[in-house]
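Chains as they are written, first to last, in our numbering: chain S, 1 to 314; chain Y, 1 to 318; chain R, 1 to 825.
From the three backbone atoms N, C-alpha and C, an ideal C-beta is built for every residue, glycine too.
Note that this is a predicted model, so its numbers are computed, not measured.
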Amino acid sequence: MKRSRGGRIAWRLCGALVVILGVTFLTFLLAYLSPADAAISWFADRGIYPSEEELIAKRAELGVDRPFFEQYLSWMWGLCHGDLGESLRNGAPVADTLMEALPFTLALTAVSLVMTLVVSIPLGLLCARYRDSAYDQFMRFITYLFNALPNFFIALLMLYLLCVRLGWFSVIPTYDFKGIFMPSVALALPLSAWYIRQVRALALGQINAGYVSGLRARGVSETRILVKHVLRNLAVPLLTLVGISLGSLLGGAVIVENIFGWPGVGGVSVLAIGHRDYIVIQAYALLMAIVFLIVNALVDFSYRFIDPRVRKRG
Amino acid sequence: MRSTNEQSLLVLDGIDVSYGGVSAVEAVSLSLELGQVVGIVGESGSGKSTILKAIMGLLGKSGHVDSGDIYFDGELLANRSDSERISFLNGRAAYIFQDPVSSLDPLFTVGNQFDEIMRIHFHTKDKAAMHKREMELLADTGFDDPASVLKRYPFELSGGMCQRVVIAMALACEAKLILADEPTSALDVTVQSQVIDLLCRTVRDRNVAMLIVSHNMGVISNCSQMIGVMYAGELVEFGTRDEVLDSPCHPYTRDLIRAIPTIDGQIPRAPEAVDRKVDSPCRYSDRCSCYRPACDACVEKRSLSESHWVLCTRGGEA
Amino acid sequence: MASRRTRTKEERHFIVIAAVTLLFILAAAIVPVVMPFDPNFTDLTKSQLPPGTEGYPLGTDKLGRDVLIRTLAGAQESVLIALAVVAIVLVLGTAVGMIGGYYGGPVDAVVSKVVTVFQAFPSFVLAVAIAGILGQGVINMILAIAFVYWTTFARLARSLTITLKESGSVRAAWVCGASPFAILTKYILPNVSAELIITAALSIGEVILTMAGLSFLGLGPARPTNEWGAMMSDARSDMLTAPWCMAAPGVALFISVVIFNLFGDILRDMLDRRGSMMVEGGTNKAKSSRTRKGRRRSMKEGKRKGLVGVVATLALTCALAFCLAGCSGGDKPSSAEGGSSLTIGSTAYFEEESLDPALTWWSATSYGFCETPMKLSDDSEPEPWLAESVANVDDYTWTITMKEGITFSNGEPVTGEAVKACLERTFELNQRARENLDVESIEADGQVVTIKTREAAPDFESLVTNPMLFNIYYVGEGVDYVKAPIGTGPFVVKELIPGGTLTLVKNENYWDGDVALDQVTFKKFDDDDAMNLALMNGEIDAIEGPSAAGYAQFNGKDGFQTIYSETSRVDFLRLNMETSEVMKNPAVRTAVAFCVDREGYSNVITGGMQEANWGVYSEAVAYGGTEGFNLTVDEFSVEKAAQVLEDAGIVDTDGDGIRELDGKPLTVTITTCSDYPQFVYLCDDLQSKMAQAGMKLNVQLLDYWLLDKETWMNSGTDISIDSYLMAPTGDPQYFVGLCFVSNSSDNFGGYSNPQVDALFNDLKNEFDLDARGDIARQISQIELDDCAFIFFSAAKTTIIARDGVNGLVTSPSEFYVVTPTTSVA
């Protein structure tokens with residue numbers, strides 16, 4: 001079944017569209033199944049004691065008395081216009097609140113991702129290079145350690161050690177590199193532990209590949225093989241890892257942002273959870289899914305810059 | 001054997017190689033002179049590639065040369081570590097792999113990888129000169145349009161083209177010894193002879209030595225002056241091309257030659273394993289059509305001529 | 001290549017680790033059940049004993065609970081639930097994935113799309129969203145995690161099934177007419193199970209961590225819980241004073257994750273070695289190989305962007321994110337350049353969203369941007385502020401004469417008309433204001449404002465000091481009341497970041513002299529620990545209303561000062577008198593009152609920051625205290641609680657340790673806001689004490705306060721914990737009218753007593769102060785008898801500041817915090 005280039009792109013876009021529709025449907029369903037009554041929450045958060053008539057009126061206003069699909073369609077309509085509804089808690093437009101916080105979360109994830117890569121690629125390569133050496137065993141131990149520690153524990157330990165005992169960082173986050181450093185490290189540590197093991201396994205796979213023997217036989221030095229060739233060949237699977245791990249970063253950010261007071265979407269969502277403000281929770285989940293999808297689409301797209309085989313296909 | 005050390009380019013003196021304690025090659029000795037092609041033939045797993053890897057230092061972590069000496073140009077190699085051996089052999093020996101496509105880094109163009117080798121071996125940064133030399137080498141190896149080959153990625157070239165590229169890279173090193181590890185088995189039949197011709201021509205024109213290994217008797221017989229036959233880690237027969245092909249003495253050699261497919265459609269019968277006593281010192285005893293109980297006594301190397309010997313007690317008599 | 005160890009050694013390792021794992025699971029299952037100790041048993045006399053204390057190898061927590069026993073008990077919730085979740089998702093995911101993979105076509109299309117949609121969400125985000133929408137509870141947590149993890153197994157089972165479907169044996173079976181069910185169960189399942197079980201084993205650790213994360217966010221099991229994540233979350237605030245409370249569950253969590261990870265790894269090595277199918281995407285995390293793109297030949301030329309492109313992309317992303325963060329972060333508060341600046345932190349009672357002076361409680365005066373006509377002196381006497389005088393024309397008419405020459409911060413003069421506009425707006429919007437003062441009309445003439453009321457307002461003079469009713473602010477076109485109200489105070493609102501920070505700057509036009517500070521920042525902390533750390537680090541200068549942990553940390557320590565005053569604030573339990581059958585029983589109410597450890601709460605839980613309260617009003621007001629009252633409950637005694645219930649015939653008939661009332665187990669639900677750790681501690685303590693008396697207490701924690709009756713009733717609670725300033729102006733009418741009178745605005749529990757209503761009417765018409773006090777005492781006695789409210793602890797208003805901060809005030813009314821003379825050195 002051969003398709004033209006355009007046809008293939010259209011087909012992929014269709015697939016993506018189905019996924020996006022599915023994602024919106026799922027998020028909407030989540031909120032729809034929420035046991036809380038939106039109208040009551042709305043009044044409750046304003047300290048108002050509503051009458052039954054007020055409640056009915058509010059339900060009509062919020063549209064929660066309409067049939068499921070009608071609600072879904074109108075929600076989607078709003079979504080297409082960038083309207084994610086209004087917070088039940090304070091009536092603020094959810095889209096604005098989240099978009100205000102999103103750059104902070106993106107900055108946090110980007111910085112911790114860069115930290116993770118900078119730390120784990122060399123360490124992982126060294127593990128592969130000196131496989132089964134004392135260094136490799138030591139790193140295995142370290143990665144086991146950080147893989148098994150909950151990120152909030154790491155975050156709290158860091159907070160107490162680096163901010164209080166050593167006084168290197170301020171507890172109230174500043175919005176510069178110093179401020180983003182602590183939460184990023186708290187996110188990057190467990191992720192790096194995982195990355196090092198992945199990089200090691202991937203690099204071992206590469207070291208046994210034919211081209212490494214070929215390069216060796218042609219006199220290319222081990223270091224050069226590792227740094228130039230193996231690393232470049234690792235880029236594709238690594239990029240996939242980056243796509244996957246972004247999910248765990250965005251997830252971990254919920255807790256870490258909360259502990260360090262970093263004003264990202266994680267904090268917004270935790271506040272919303274406390275207030276059962278499912279409009280915000282719903283929008284938050286949707287936004288994260290969209291970010292995740294976009295990044296993975298970018299990752300898919302960027303394979304072509306690394307791997308000529310992908311670039312030159314059809 | 002010792003007497004040839006001085007003029008031989010490469011001498012293997014009774015080397016044993018094992019992988020993680022499992023013996024792969026035992027007591028293999030041979031020598032190679034400039035301008036000479038020695039072919040080793042044997043079935044898969046007989047240890048022929050291991051010999052090449054042992055020479056080049058590509059055995060990997062688990063492989064070891066347990067005993068025996070390897071001399072290159074009179075220099076002892078066996079006491080060097082793998083990486084030392086590789087760096088010593090750089091520019092002296094070149095290795096040609098069975099799977100040419102995967103022996104090239106898939107993510108870099110041929111030109112890029114070629115440049116890398118040129119830089120290593122000639123310490124030059126003169127791009128134009130490098131480029132010129134690359135073009136010459138590629139033209140020598142039979143490319144009509146070397147410039148476009150340089151711009152391509154390995155996956156854009158056919159297996160035969162890749163193998164020629166690899167050979168060109170080997171030539172770039174100005175190696176005196178070419179170790180060809182099944183250079184044709186991954187290639188289309190039509191391309192095979194092309195590559196073999198190229199290798200033979202190279203040996204002739206440049207006066208280098210080549211140790212070529214293949215499971216294909218046809219390939220070996222085509223290009224080698226000397227032929228060795230390997231079975232289960234041992235060299236069982238060694239002699240000039242004519243000696244081995246015309247008067248094969250080891251039963252295995254005979255079986256191998258008989259097994260070469262002929263164009264007339266006769267299906268050759270491979271010798272089948274027969275259940276016999278296993279602890280015979282002759283490793284071929286369980287498949288040998290000429291097995292006699294006397295074979296269980298001992299195996300010994302018998303010289304049939306100055307250059308021809310066989311590892312069979314019965315020295316080839318049926 | 002990976003390892004050439006001999007099989008026996010590998011197997012030995014496997015046996016050892018498998019045995020350890022099995023033992024661990026067995027221990028987690030059995031120990032908590034057979035353990036002869038109650039992990040939730042509280043003993044406030046043994047608070048925070050360090051590890052190694054006799055009888056407490058791992059020490060005790062704040063409530064005197066044994067940390068070792070709690071940690072052991074937590075294994076059940078943390079480990080066993082994780083195992084159950086993994087088992088559930090393994091079975092469900094495998095079934096769905098196999099069916100999709102086997103049938104192919106539309107079935108598979110649906111399955112794979114659904115899986116893709118679920119995997120489009122970052123997994124923890126989805127778990128948080130599901131649990132957040134469903135609310136706290138074990139079942140909800142299990143659901144949330146199951147919804148996230150089933151896709152891993154469905155996806156893996158599907159791809160394995162698709163591969164196997166093409167295999168010879170399955171085709172042969174199909175040709176022989178085997179049913180799909182037989183093929184799936186006999187041919188496919190045995191072949192896919194190894195890989196799936198490895199994946200399951202490897203995800204146990206991850207699930208444990210995810211659960212701990214959810215619990216940490218308060219989305220775990222309901223109280224009482226010893227789930228490790230929840231324990232750690234609770235122990236956070238005392239991490240400096242009692243680190244062992246955090247370390248024990250943390251280490252337990254760590255050990256269990258390590259054990260399960262080791263088990264998963266060794267299992268994978270074993271099963272892989274045994275020649276199980278090697279299919280890509282083997283473990284849940286190692287999905288990396290899926291990107292091997294097919295090789296297709298093309299002669300097209302491509303540009304060499306390569307690694308440079310990736311690096312550039314990453315760098316660009318970072319730069320972009322930084323810029324974005326920088327843009328929105330650029331106008332965040334920073335200390336005023338060159339000037340003196342003060343930062344005050346608090347976790348509660350800040351107006352997070354709106355500063356509208358018509359609707360706030362008393363933020364407007366305490367933040368210093370609004371003032372009232374009269375001010376309360378330190379001994380709660382009204383004295384002139386913006387007004388020269390307040391005069392009583394007749395029972396229903398009062399006049400306020402505003403001072404001349406005062407301007408709002410925008411330069412507009414404070415005239416009678418301006419005050420009229422302001423008050424009309426307030427009384428229109430604010431229900432509590434209307435309840436306190438039934439205004440008929442407001443007239444303005446020059447600087448004089450005349451207010452006519454429908455009912456007599458004997459407490460008018462003190463009401464005029466109350467910012468809840470009488471904030472004076474500028475009403476006019478284009479005023480943003482929510483974000484930038486305009487008042488007369490020494491400070492002007494510069495910026496309010498909702499839920500975060502309020503920055504005020506000096507009012508250059510202040511009418512009453514020069515203002516010492518250039519800038520004041522009130523910072524709302526979501527997290528008490530962060531706030532304490534910030535004060536310790538010198539990032540903030542003061543804490544308003546420290547928590548018990550904060551108080552313990554700073555009170556009397558070098559470099560810090562404690563400023564406090566006695567107030568009429570009392571912490572109390574509000575009982576549901578309207579819909580709760582249990583609470584309608586007076587014996588139960590009394591029993592609950594006996595179970596509240598008022599001394600323990602005040603001395604241990606609040607660390608001595610508060611005082612036990614046995615009456616209604618605190619000692620801070622003349623009609624408060626216990627003297628002259630007839631106390632039904634005058635001590636903390638579980639035995640007496642049990643006795644009261646026994647006497648009322650409420651006994652345990654079925655021997656489960658819980659008494660039955662009308663044939664149903666005596667179960668009570670208590671609700672409070674998790675922002676206030678001391679209330680949460682009280683809940684835990686009360687839970688243990690009531691259990692000893694034979695009552696079951698469920699704790700429901702919310703992230704917000706129940707601020708209206710509908711919400712209160714809808715929360716389904718029997719008891720809530722509240723804290724009110726009962727007489728901000730020193731006058732009793734306020735609180736009686738707010739909480740005690742039938743259908744009053746803050747009478748959420750639906751308490752109603754005609755006697756109280758009648759006395760309240762008397763109070764409203766009584767102008768004599770002593771007589772008003774007498775009426776208050778009569779009402780107090782009725783409240784003590786009815787026991788619909790349990791006033792258990794009297795609070796002080798407290799500020800902790802670093803040395804060098806001067807002029808911060810506390811007052812019985814809590815109305816004032818910063819003043820024109822507040823300064824920093």
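Report the CB separation of residue i from residue j in whole angstroms; it is logged as a contact under 8 Å.
| i | j | result |
| --- | --- | --- |
| Y/Val41 | Y/Met217 | 5 Å |
| Y/Met118 | Y/Ala172 | 6 Å |
| R/Tyr751 | R/Met583 | Not a contact, Cβ separation roughly 10 Å. |
| R/Gly613 | R/Gln781 | Looking at the sequence provided, one finds Asn at residue 613 of chain R rather than Gly. With a Cβ gap of about 15 Å, R/Asn613 and R/Gln781 do not count as contacting. |
| R/Val117 | S/Leu30 | About 12 Å separates the two Cβ atoms, so there is no contact after all. |
| R/Gly97 | R/Ala154 | 4 Å |
Work out the CA separation of residue j and residue i for me, nearest whole Å.
| i | j | result |
| --- | --- | --- |
| R/Gly52 | R/Pro243 | 14 Å |
| S/Leu166 | R/Met536 | 12 Å |
| Y/Gly63 | Y/Ser81 | 11 Å |
| R/Val251 | R/Lys62 | 19 Å |
| S/Thr116 | S/Phe104 | 18 Å |
| R/Ala336 | R/Ser409 | With a pLDDT of 40 at R/Ala336, under the threshold of 50, the predicted position of this residue should be treated as unreliable, and no value is reported. |
| Y/Gly57 | Y/Glu33 | 20 Å |
| Y/Phe108 | Y/Leu52 | 27 Å |
| S/Gly6 | S/Leu13 | 10 Å |
| S/Pro173 | R/Thr562 | 26 Å |
| S/Leu157 | R/Lys764 | 57 Å |
| S/Phe68 | S/Tyr32 | 8 Å |
| R/Met278 | R/Pro57 | The pLDDT assigned to R/Met278 is 37, lower than 50, so where the model puts this residue is not dependable, and the model offers no usable value. |
| Y/Cys295 | Y/Thr313 | 7 Å |
| Y/Gly159 | Y/Asp99 | 8 Å |
| R/Ala27 | R/Asn261 | 18 Å |
| S/Val242 | S/Val236 | 10 Å |
| Y/Glu182 | Y/Ser49 | 8 Å |
Pull the bridge partners of residue i from the DSSP assignment, please.
| i | result |
| --- | --- |
| Y/Tyr231 | Y/Glu234 |
| R/Ile799 | R/Glu544, R/Ile563 |
Which residues mark the beginning and the end of the alpha helix (DSSP H) in which residue i is found?
| i | result |
| --- | --- |
| Y/Arg241 | 241-246 |
| S/Thr97 | 94-129 |
| R/Val668 | No alpha helix (DSSP H) contains R/Val668, which is instead part of the beta strand (DSSP E) from 667-673. |
| Y/Thr202 | 189-206 |
| R/Gln778 | 769-786 |
| S/Asp336 | Here chain S covers residues 1 to 314 and nothing more, so residue 336 of chain S does not appear. |
| R/Asn436 | 431-436 |
What residue range is occupied by the uninterrupted beta strand (DSSP E) comprising residue i?
| i | result |
| --- | --- |
| R/Gln700 | 696-702 |
Please go through the segment 578-604 of chain R and give each complete beta strand (DSSP E) segment of 3 or more residues, from N-terminal end onward. Runs found: none.
Go through the segment 627-672 of chain R residue by residue and report every complete run of the alpha helix (DSSP H) that reaches 4 residues or more, in order. Considered as a whole, the segment 627-672 of chain R harbours 638-647 as its complete alpha helix (DSSP H) runs of no fewer than 4 residues, in chain order.
Output the residue ranges of the alpha helix (DSSP H) runs that lie fully inside the segment 447-489 of chain R and measure 4 residues or longer, sorted by chain position. Fully enclosed alpha helix (DSSP H) runs of 4 or longer: 460-463, 467-470.
If you scan the segment 10-37 of chain R from start to end, which runs of the alpha helix (DSSP H) of 4 or more residues do you find wholly inside it? Runs of the alpha helix (DSSP H) inside the segment 10-37 of chain R: none found.
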